[in-house]
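Participant: Here the protein sequences line up with chains A and B, keeping their order. Take the first sequence: its letters are residues 1 to 516, numbered as in my numbering. Take the second sequence: its letters are residues 517 to 850, numbered as in my numbering. Below you will find the structure I want to go over with you.
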Amino acid sequence: MTAALDYFLMSWLDPHLMFLTAAGTFAGIYIGAIPGLSVTMAVSILISFTFKWDMNSALAVISGIYLGGVYGGSRSAILLNIPGAPSAVATGMDGYPLAKRGEAGAAIGLTTVVSVFGGFIGILALAAAAPLVSELALKFAPRDYLLLAMWGILLVGSLSGDSLAKGIFAGAIGVLIGMVGLDPMTAEPRFTFGTVTLTAGISYIAAMIGFFGVAEVLVQLHELHIKAVRQDVSKILPSFGLIRKYLPLATRTSALGVVVGALPGAGGDIAALMAYDHAKRTVKNPSRPFGQGAYEGLVAPESANNAAVGGAYIPMLTLGIPGDAVTAVIIGAMYIHGLKPGPMLMIETPHLFWFQVGSLALANIFLLIFGLTGIRIFAKIVEAPKPILLPLILVLSAVGAYAINNNPADVYWMLGFGVFGYFLKMYGFQVGPVILGIILGPLMDRSFRQAMISAGEDPVQFAGEFLTSPLSAAILAALVLSMASQSSWWRKLRGKRDMHEPLARELEDSASAGNV
Amino acid sequence: MQTIRKSVATFAMLALAGGAMAQSYPEREISGVIQWSAGGATDVVSRAITPHVEEIIGKKIVMQNKPGGVGAIATNFVYQQSADGYTLLYGAENPQLHAVMGIANLDYSKFYPINILGRGKVVVIANNDKPWKSFRELLDDIEANPGKIKMGTAGPGSVPHTVSAMITAVAKLPVTAVPFDGDGPGLTALQGGHIDFMASSLGSAAEHIKAGRMRVLAVLSDTAMTDSALGNIPPITDALPGVAKYLPWGPFYGVFAKRDIPEEAKAKLSAAFRKAAQSPQFIELMNGRHNEIVNLSGEEADAFLKKWQSVTAWILQGAGLAKHSPAEFGIPKP
Numbered sequence: 001m002t003a004a005l006d007y008f009l010m011s012w013l014d015p016h017l018m019f020l021t022a023a024g025t026f027a028g029i030y031i032g033a034i035p036g037l038s039v040t041m042a043v044s045i046l047i048s049f050t051f052k053w054d055m056n057s058a059l060a061v062i063s064g065i066y067l068g069g070v071y072g073g074s075r076s077a078i079l080l081n082i083p084g085a086p087s088a089v090a091t092g093m094d095g096y097p098l099a100k101r102g103e104a105g106a107a108i109g110l111t112t113v114v115s116v117f118g119g120f121i122g123i124l125a126l127a128a129a130a131p132l133v134s135e136l137a138l139k140f141a142p143r144d145y146l147l148l149a150m151w152g153i154l155l156v157g158s159l160s161g162d163s164l165a166k167g168i169f170a171g172a173i174g175v176l177i178g179m180v181g182l183d184p185m186t187a188e189p190r191f192t193f194g195t196v197t198l199t200a201g202i203s204y205i206a207a208m209i210g211f212f213g214v215a216e217v218l219v220q221l222h223e224l225h226i227k228a229v230r231q232d233v234s235k236i237l238p239s240f241g242l243i244r245k246y247l248p249l250a251t252r253t254s255a256l257g258v259v260v261g262a263l264p265g266a267g268g269d270i271a272a273l274m275a276y277d278h279a280k281r282t283v284k285n286p287s288r289p290f291g292q293g294a295y296e297g298l299v300a301p302e303s304a305n306n307a308a309v310g311g312a313y314i315p316m317l318t319l320g321i322p323g324d325a326v327t328a329v330i331i332g333a334m335y336i337h338g339l340k341p342g343p344m345l346m347i348e349t350p351h352l353f354w355f356q357v358g359s360l361a362l363a364n365i366f367l368l369i370f371g372l373t374g375i376r377i378f379a380k381i382v383e384a385p386k387p388i389l390l391p392l393i394l395v396l397s398a399v400g401a402y403a404i405n406n407n408p409a410d411v412y413w414m415l416g417f418g419v420f421g422y423f424l425k426m427y428g429f430q431v432g433p434v435i436l437g438i439i440l441g442p443l444m445d446r447s448f449r450q451a452m453i454s455a456g457e458d459p460v461q462f463a464g465e466f467l468t469s470p471l472s473a474a475i476l477a478a479l480v481l482s483m484a485s486q487s488s489w490w491r492k493l494r495g496k497r498d499m500h501e502p503l504a505r506e507l508e509d510s511a512s513a514g515n516v
Numbered sequence: 517m518q519t520i521r522k523s524v525a526t527f528a529m530l531a532l533a534g535g536a537m538a539q540s541y542p543e544r545e546i547s548g549v550i551q552w553s554a555g556g557a558t559d560v561v562s563r564a565i566t567p568h569v570e571e572i573i574g575k576k577i578v579m580q581n582k583p584g585g586v587g588a589i590a591t592n593f594v595y596q597q598s599a600d601g602y603t604l605l606y607g608a609e610n611p612q613l614h615a616v617m618g619i620a621n622l623d624y625s626k627f628y629p630i631n632i633l634g635r636g637k638v639v640v641i642a643n644n645d646k647p648w649k650s651f652r653e654l655l656d657d658i659e660a661n662p663g664k665i666k667m668g669t670a671g672p673g674s675v676p677h678t679v680s681a682m683i684t685a686v687a688k689l690p691v692t693a694v695p696f697d698g699d700g701p702g703l704t705a706l707q708g709g710h711i712d713f714m715a716s717s718l719g720s721a722a723e724h725i726k727a728g729r730m731r732v733l734a735v736l737s738d739t740a741m742t743d744s745a746l747g748n749i750p751p752i753t754d755a756l757p758g759v760a761k762y763l764p765w766g767p768f769y770g771v772f773a774k775r776d777i778p779e780e781a782k783a784k785l786s787a788a789f790r791k792a793a794q795s796p797q798f799i800e801l802m803n804g805r806h807n808e809i810v811n812l813s814g815e816e817a818d819a820f821l822k823k824w825q826s827v828t829a830w831i832l833q834g835a836g837l838a839k840h841s842p843a844e845f846g847i848p849k850p
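If you want it as structure tokens, here you go:
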């Protein structure tokens with residue numbers, strides 16, 4: 001145990017490792033904040049030039065970049081309505097309205113605190129329950145991924161704004177975009193029109209940069225004459241009372257983040273969206289209605305996506321199975337450094353596990369420090385003159401889109417989707433459901449077919465497996481419950497006494513508008 | 517205007533000639549394009565050998581991943597670059613099957629094989645809870661319970677897919693084949709009990725086998741394999757002697773450049789990679805991932821590639837899995 005503690009504290013006591021962790025975290029925040037510069041990319045570039053370093057130094061920097069990068073995505077989402085990473089898509093929903101009210105400072109402050117909280121829950125789960133969680137993750141069969149994706153796709157209801165029909169339309173476009181490329185199972189070209197370029201499919205990050213970044217820039221061109229909102233940066237740190245109020249929600253969404261992050265087929269992006277949806281369904285009296293700057297809309301996704309980092313490390317360190325794209329790159333790096341990531345890693349090199357836990361914890365502390373300093377300057381970005389800010393965002397978006405796969409086609413997609421997204425936005429279509437469709441469409445496609453083939457292509461057997469497997473039955477029950485809890489008969493059953501009058505009316509309106 | 521144009525042209529010619537005289541290959545950084553995403557098997561092998569090559573040629577090789585289209589994107593990209601020897605393709609076996617699979621028409625015959633770095637071993641593994649002690653027992657169980665046993669597979673031309681085609685060619689294999697995105701996701705599903713057995717590259721499975729999380733039934737070879745950590749693995753030919761005619765077979769990794777790059781670049785690159793493949797660090801990595809080092813270049817590598825393509829394409833054709841007959845592309849029968 002003392003040996004474990006020694007390794008845990010290694011990066012805390014060695015100034016060199018400490019510096020690397022700090023530098024990684026700092027860089028990560030900015031990499032995450034710039035749309036398109038992704039953590040995966042930063043880590044894979046880093047691997048090339050840490051080839052000659054020892055593994056510990058490389059892991060220390062990566063821990064920082066990873067945690068910082070996941071958090072950093074929220075910055076641009078809040079300030080510019082442009083998520084810096086897919087896991088920050090939900091953050092902009094309520095973060096940007098807050099910035100428009102001049103509360104960017106407070107929004108970033110709260111986001112930082114809950115991100116760090118989520119990060120610690122993830123690290124705690126990694127340290128205390130890694131073998132348990134990884135065994136649970138292995139239990140997820142294709143049909144469970146299908147349920148998860150179905151649960152996720154219901155979020156269209158939360159993300160579609162005024163019109164559910166327009167939301168579903170946007171979601172369907174996303175699913176269509178996600179289908180382009182080689183069929184993952186048969187390599188049958190789909191919607192490729194005989195070109196090699198399209199066999200690679202359409203990168204969902206390129207689509208995200210287009211729909212959110214470029215389209216938002218184009219929309220904001222209409223507002224060039226409007227004076228920027230002055231940001232109140234006098235109070236950044238959320239009060240203790242506020243934090244305590246959101247602690248139960250953040251704990252629930254962090255737990256969700258850990259589990260979804262640990263699943264090899266789902267990551268922080270899906271965790272954050274599910275957490276946002278969870279908040280929207282369960283919080284009865286949000287600080288403001290969701291979509292207009294509810295603090296809960298920041299707390300839920302931001303705690304979940306940082307908790308997912310610890311989650312993603314769980315299958316990687318215990319089984320050598322990557323929890324997401326970043327951990328896949330780390331596994332590759334371990335091989336190059338002469339390690340053998342796999343189930344034996346924890347047995348043969350237990351110090352590596354504790355070192356990793358320790359450097360993640362340290363990075364998380366640095367995240368709190370760097371996250372809370374410099375907000376004043378950051379918040380000023382929103383006050384920067386639009387004629388300077390907007391072209392800058394466009395250039396960064398193009399760089400980011402190219403950098404995903406070093407493929408110029410991604411830049412064309414980004415521009416095309418930007419123009420398309422502009423028209424969608426002008427006609428009252430939300431772009432959130434498009435991204436949801438791109439992420440979840442292929443997951444549903446794959447997991448449905450795997451589940452159906454596993455059931456011998458027998459629909460009765462297929463349906464039966466949802467009930468006979470305890471895990472599937474539990475997820476199905478949760479899914480049904482979360483749907484039912486939104487229906488009008490459920491509310492009649494529960495009575496409206498415990499609800500605020502205006503909120504109840506609002507819910508009723510949305511229910512009568514066909515929003516189940 | 518005329519004079520300006522003339523003088524510019526003269527200047528350019530002079531500069532080119534001067535450059536050619538003063539410098540020899542490589543005079544600047546080389547770009548390395550990896551067919552698969554960061555962290556994958558091809559990526560690891562590519563990034564492991566490159567620093568040793570850089571040391572020998574004295575210039576950096578800037579690596580970038582261009583994944584997508586089972587390798588077609590990167591292959592096509594490198595093919596479109598000028599044949600100056602400054603763009604290298606780090607790839608795996610996949611493009612050799614793109615034509616018969618209807619994905620793309622480009623294969624390695626349009627490229628010069630600088631080095632076939634290594635070849636992966638393939639094993640058949642089973643879920644721990646299954647009773648089978650040998651591959652024969654598995655085959656008997658499959659025959660007794662047609663359609664009941666779930667086999668993991670991956671996209672057309674992948675290792676699990678090709679191995680199941682080989683088995684189908686010599687025996688009946690009435691299984692439920694559940695496709696995954698590759699070895700990794702398949703092995704994860706195997707550990708969760710969502711599939712019962714699967715063929716996989718040994719590199720992906722070795723650590724899980726060592727930890728006792730899955731059981732290895734056979735190695736795709738005609739001789740048994742003995743390993744200090746994995747023990748004795750019987751050959752697949754014990755149960756299915758008919759497979760022997762397709763062996764040796766396995767996925768491979770290599771470095772390629774366009775066919776018509778300058779002879780000097782071919783010679784220098786081949787020599788550098790040949791030497792780098794012998795560095796102890798690289799050998800250790802390849803051993804650790806249970807890859808055999810092949811280290812072939814030029815004509816020998818061409819012969820290796822042709823044989824691999826002919827064997828694999830015709831196996832797939834024989835199993836009815838190819839979209840186009842190999843004959844359409846002039847791929848000879850093995």
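Heads up, the beta-carbon is just placed ideally off N, CA and C, and yes, glycines get one too.
Any C-beta of chain B sitting closer than 8 Å to the C-beta of residue 44(A)?
Facilitator: For residue 44(A), the answer is yes, since a Cβ of chain B falls inside 8 Å of its Cβ.
Participant: Rounded to whole angstroms, what is the Cα-Cα separation between residue 309(A) and residue 463(A)?
Facilitator: So the alpha carbons of these two residues sit roughly 33 Å apart.
Participant: Label residue 729(B) either buried or exposed according to how many other C-beta atoms from any shown protein chain fall within 10 Å of its C-beta, with 16 as the threshold for buried.
Facilitator: Residue 729(B) is buried by the Cβ-count criterion.
Participant: At a Cβ threshold of 8 Å, is residue 635(B) touching chain A?
Facilitator: Not closer than 8 Å to any Cβ of chain A, the Cβ of residue 635(B) fails to qualify, so no.
Participant: Kindly indicate which three-state DSSP category residue 537(B) falls into: helix, strand or coil?
Facilitator: Interpretation of residue 537(B) is limited by its pLDDT of 45, a score under 50 that renders its predicted location unreliable; no figure is taken from the coordinates.
Participant: Can you give, in chain order, each stretch of the beta strand (DSSP E) that sits fully within the segment 55-138 of chain A and has at least 3 residues?
Facilitator: Counting only runs of 3 or more, we get nothing.
Participant: Give me, in chain order, the residues of the same chain whose beta-carbon lies closer than 8 Å to that of residue 27(A); leave out the 5 immediate sequence neighbours on both sides.
Facilitator: Counting only Cβ-Cβ distances below 8 Å, and skipping sequence neighbours, we find 42, 64, 65, 68.
Participant: Counting only C-beta atoms, is residue 28(A) closer than 8 Å to chain B at any point?
Facilitator: By this cut-off, residue 28(A) is not an interface position.
Participant: Roughly how many angstroms lie between the CA atoms of residue 155(A) and residue 242(A), to the nearest whole one?
Facilitator: Using only the alpha carbons, I get a separation of about 27 Å.
Participant: Under 6 Å Cβ to Cβ from residue 47(A), same chain only, skipping five residues before and after it: list those, please.
Facilitator: If we look at residue 47(A) and ignore the five residues flanking it on each side, its Cβ neighbours are 333.
Participant: Run through chain A and tell me which residues come within less than 9 Å of residue 617(B), C-beta to C-beta.
Facilitator: Going along chain A in sequence order, the residues near residue 617(B) (Cβ under 9 Å) are 187.
Participant: What are the residues in the segment 468-487 of chain A lying within 9 Å of chain B by C-beta distance?
Facilitator: Answer set for the segment 468-487 of chain A: empty.
Participant: What residues in the segment 788-811 of chain B bring their beta carbon closer than 9 Å to a beta carbon of chain A?
Facilitator: Cβ contacts with chain A come from 797, 800, 801, 804, 805.
Participant: Give the list of continuous alpha helix (DSSP H) stretches no shorter than 4 residues that lie fully inside the segment 272-343 of chain A.
Facilitator: Segments of the alpha helix (DSSP H) lying fully in the segment 272-343 of chain A: 296-319, 325-336.
Participant: Starting from residue 589(B) and walking both ways along the beta strand (DSSP E), at which residues does that stretch end?
Facilitator: First-last for residue 589(B): 588-596, but that is the alpha helix (DSSP H), not the beta strand (DSSP E).
Participant: Hey, out of 212(A), 479(A), 348(A), 455(A), whose CA is closest to residue 423(A)'s CA?
Facilitator: That would be 212(A), whose Cα lies nearest to the Cα of residue 423(A).
Participant: Output yes or no for whether 8 Å exceeds the beta carbon distance between residue 173(A) and residue 395(A).
Facilitator: The answer is no: Cβ separation not under 8 Å.
Participant: Check whether the segment 539-557 of chain B and the segment 601-618 of chain B are in contact - that is, three or more C-beta pairs closer than 8 Å.
Facilitator: Verdict: yes, contact present.
Participant: Contact defined as beta carbons within less than 8 Å: I believe residue 833(B) pairs with residue 623(B). What is the distance between those atoms, to the nearest angstrom?
Facilitator: About 15 Å; that fails the 8 Å criterion.
Participant: Using CA atoms only, rank isn't needed, just tell me which of 450(A), 372(A), 22(A), 25(A) is closest to residue 670(B).
Facilitator: If we check each option's Cα against that of residue 670(B), 450(A) comes out closest.
Participant: Given that residue 289(A) touches chain B, what residues does it touch there, using C-beta distances under 7 Å?
Facilitator: Those do not exist, as residue 289(A) stays about 40 Å from chain B at its closest Cβ, beyond 7 Å.
Participant: With DSSP run on the structure shown, which of helix, strand or coil describes residue 617(B)?
Facilitator: Coil.
Participant: Indicate whether at least one CB of chain B lies closer than 8 Å to the CB of residue 410(A).
Facilitator: For residue 410(A), the answer is no, since every Cβ of chain B falls outside 8 Å of its Cβ.
Participant: Can you find a CB in chain A that lies within less than 8 Å of the CB of residue 707(B)?
Facilitator: Output row for residue 707(B): interface = yes.
Participant: Only counting the same chain, and skipping five residues up and downstream in sequence, which positions put a Cβ closer than 8 Å to that of residue 786(B)?
Facilitator: 630, 631, 813, 814.
Participant: Any beta carbon from chain A within less than 8 Å of residue 626(B)'s own beta carbon?
Facilitator: So no, residue 626(B) is outside the interface.
Participant: At a CB-CB cut-off below 7 Å, which residues of chain A make contact with residue 828(B)?
Facilitator: Per Cβ cutoff of 7 Å: no residues; residue 828(B) is ~15 Å from chain A at best.
Participant: Less than 8 Å between CB atoms is the rule here; does residue 329(A) satisfy it with respect to chain B?
Facilitator: Residue 329(A) counts as touching chain B.
Participant: Nearest CA to the CA of residue 182(A): which residue from 672(B), 705(B), 702(B), 683(B)?
Facilitator: Checked all of 672(B), 705(B), 702(B), 683(B); the closest Cα to residue 182(A) is 672(B).
Participant: With 16 as the cutoff for other CB atoms within 10 Å, does residue 347(A) come out buried or exposed?
Facilitator: When all chains shown are included, residue 347(A) counts as exposed.
Participant: Inspect the CB distances between the segment 221-235 of chain A and the segment 386-403 of chain A and report whether three or more fall short of 8 Å.
Facilitator: Because the criterion of three Cβ pairs below 8 Å is met, the segment 221-235 of chain A and the segment 386-403 of chain A touch.
Participant: According to DSSP, is residue 580(B) part of a helix, a strand, or is it coil?
Facilitator: In this structure, residue 580(B) counts as strand in the three-state DSSP scheme.
Participant: Taking just the CA atoms, how far does residue 723(B) sit from residue 315(A)?
Facilitator: Approximately 14 Å, taken between the alpha carbons.
Participant: Going by DSSP, what residue range makes up the beta strand (DSSP E) through residue 479(B)?
Facilitator: Only positions 517 to 850 of chain B appear in the structure, and residue 479(B) is not among them; the question remains open.
Participant: Tell me the start and end of each unbroken beta strand (DSSP E) in the segment 736-804 of chain B that is at least 3 residues and wholly inside, in chain order.
Facilitator: DSSP runs (the beta strand (DSSP E)) wholly in the segment 736-804 of chain B: 741-743, 747-749, 768-774.
Participant: So that I know if they touch, is there some Cβ in chain B lying closer than 8 Å to that of residue 447(A)?
Facilitator: Not one chain B Cβ lies under 8 Å of residue 447(A).
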